[in-house]
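J.: Under the working numbering, think of the first position of the sequence shown as 105, with each following residue one higher. Using N, Cα and C, we set each Cβ at its ideal position, and we do this for glycine too.
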Amino acid sequence: MNRIIAITFALICLTFRAFCANADYKQVLVFTNGESVRVRLPLTDVTGKVRVKEMTPDGFGIPVAPSKTVLGEKYYLEWQIGYDIPNTNSPTVVP
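And the structure:
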(Lines of atoms letter the chains of each structure in order from A; the text may use other names.)
(Lines give C-alpha, C1' and ligand atoms only; values in the text may rest on other atoms or scores of the structure.)
Protein backbone atom coordinates (compact mmCIF):
# COMPACT_ATOMS: atom_id res chain seq x y z
CA MET A 105 0.00 0.00 0.00
CA ASN A 106 2.79 2.41 0.94
CA ARG A 107 4.56 1.60 -2.31
CA ILE A 108 1.47 2.52 -4.37
CA ILE A 109 1.14 5.82 -2.50
CA ALA A 110 4.83 6.61 -3.06
CA ILE A 111 4.60 5.83 -6.79
CA THR A 112 1.43 7.91 -7.15
CA PHE A 113 3.06 10.81 -5.33
CA ALA A 114 6.15 10.60 -7.55
CA LEU A 115 4.02 10.61 -10.72
CA ILE A 116 2.05 13.64 -9.52
CA CYS A 117 5.28 15.51 -8.75
CA LEU A 118 6.76 14.71 -12.17
CA THR A 119 3.56 15.80 -13.92
CA PHE A 120 3.44 19.05 -11.97
CA ARG A 121 7.09 19.79 -12.77
CA ALA A 122 6.42 19.29 -16.49
CA PHE A 123 3.80 22.06 -16.43
CA CYS A 124 5.90 24.54 -14.44
CA ALA A 125 7.16 27.70 -16.14
CA ASN A 126 10.66 27.79 -17.53
CA ALA A 127 13.12 29.96 -15.56
CA ASP A 128 14.22 31.78 -18.75
CA TYR A 129 11.68 34.51 -18.03
CA LYS A 130 13.93 35.73 -15.21
CA GLN A 131 16.89 36.33 -17.53
CA VAL A 132 17.76 39.69 -19.05
CA LEU A 133 17.92 39.08 -22.79
CA VAL A 134 19.69 41.28 -25.34
CA PHE A 135 18.85 40.98 -29.04
CA THR A 136 20.63 42.74 -31.90
CA ASN A 137 18.99 43.24 -35.27
CA GLY A 138 20.97 45.28 -37.77
CA GLU A 139 21.35 48.74 -36.28
CA SER A 140 19.05 48.25 -33.30
CA VAL A 141 19.40 46.62 -29.89
CA ARG A 142 16.41 45.26 -27.99
CA VAL A 143 16.64 44.43 -24.29
CA ARG A 144 14.05 42.34 -22.46
CA LEU A 145 13.99 43.18 -18.76
CA PRO A 146 11.94 40.93 -16.47
CA LEU A 147 10.05 43.20 -14.09
CA THR A 148 7.85 40.76 -12.21
CA ASP A 149 10.54 39.05 -10.12
CA VAL A 150 10.90 40.97 -6.85
CA THR A 151 14.34 39.53 -6.11
CA GLY A 152 15.58 39.80 -9.69
CA LYS A 153 18.31 42.00 -11.12
CA VAL A 154 15.79 44.47 -12.55
CA ARG A 155 13.52 46.35 -10.18
CA VAL A 156 10.97 49.13 -10.60
CA LYS A 157 11.30 51.99 -8.12
CA GLU A 158 9.37 55.15 -7.44
CA MET A 159 11.41 58.36 -7.27
CA THR A 160 11.40 60.18 -3.95
CA PRO A 161 12.54 63.76 -3.16
CA ASP A 162 15.59 62.51 -1.21
CA GLY A 163 16.91 60.61 -4.26
CA PHE A 164 16.35 57.10 -2.94
CA GLY A 165 13.81 54.97 -4.73
CA ILE A 166 11.05 52.97 -3.13
CA PRO A 167 10.48 49.51 -4.67
CA VAL A 168 7.02 48.99 -6.14
CA ALA A 169 5.11 46.00 -7.50
CA PRO A 170 5.00 46.61 -11.27
CA SER A 171 2.14 44.17 -11.76
CA LYS A 172 -0.03 46.22 -9.37
CA THR A 173 1.11 49.74 -10.36
CA VAL A 174 0.48 51.84 -13.45
CA LEU A 175 4.00 52.98 -14.33
CA GLY A 176 4.51 56.63 -15.22
CA GLU A 177 7.16 59.35 -15.20
CA LYS A 178 7.93 59.10 -11.48
CA TYR A 179 9.09 55.48 -11.83
CA TYR A 180 12.45 54.19 -13.01
CA LEU A 181 14.23 50.90 -13.54
CA GLU A 182 17.14 49.83 -11.40
CA TRP A 183 19.22 47.20 -13.17
CA GLN A 184 21.87 45.39 -11.14
CA ILE A 185 24.72 44.55 -13.49
CA GLY A 186 27.19 41.85 -12.52
CA TYR A 187 30.83 42.10 -13.43
CA ASP A 188 31.56 38.39 -13.30
CA ILE A 189 34.40 37.17 -15.44
CA PRO A 190 35.09 33.53 -16.22
CA ASN A 191 38.86 33.80 -15.65
CA THR A 192 39.45 33.88 -11.88
CA ASN A 193 43.23 34.14 -12.42
CA SER A 194 42.83 37.58 -13.98
CA PRO A 195 44.71 40.44 -12.25
CA THR A 196 41.39 42.31 -12.01
CA VAL A 197 39.89 39.68 -9.67
CA VAL A 198 40.28 40.28 -5.95
CA PRO A 199 40.85 37.07 -3.98
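Give the C-beta separation of VAL132 and VAL154 to the nearest angstrom, bearing in mind that I take them to be a contact with Cβ-Cβ under 8 Å.
T.: About 7 Å separates the two Cβ atoms, so the contact holds.
J.: Helix or strand or just coil, what does DSSP make of THR136?
T.: Reduced to three states, the DSSP call for THR136 is strand.
J.: Three-state secondary structure (DSSP) at ILE109?
T.: Helix.
J.: Quick one: grab the DSSP three-state call for LYS153.
T.: Residue state, collapsed to three classes: coil.
J.: Quick one: what does DSSP say LEU181 is sitting in, helix, strand or coil?
T.: LEU181 falls in the strand class under three-state DSSP.
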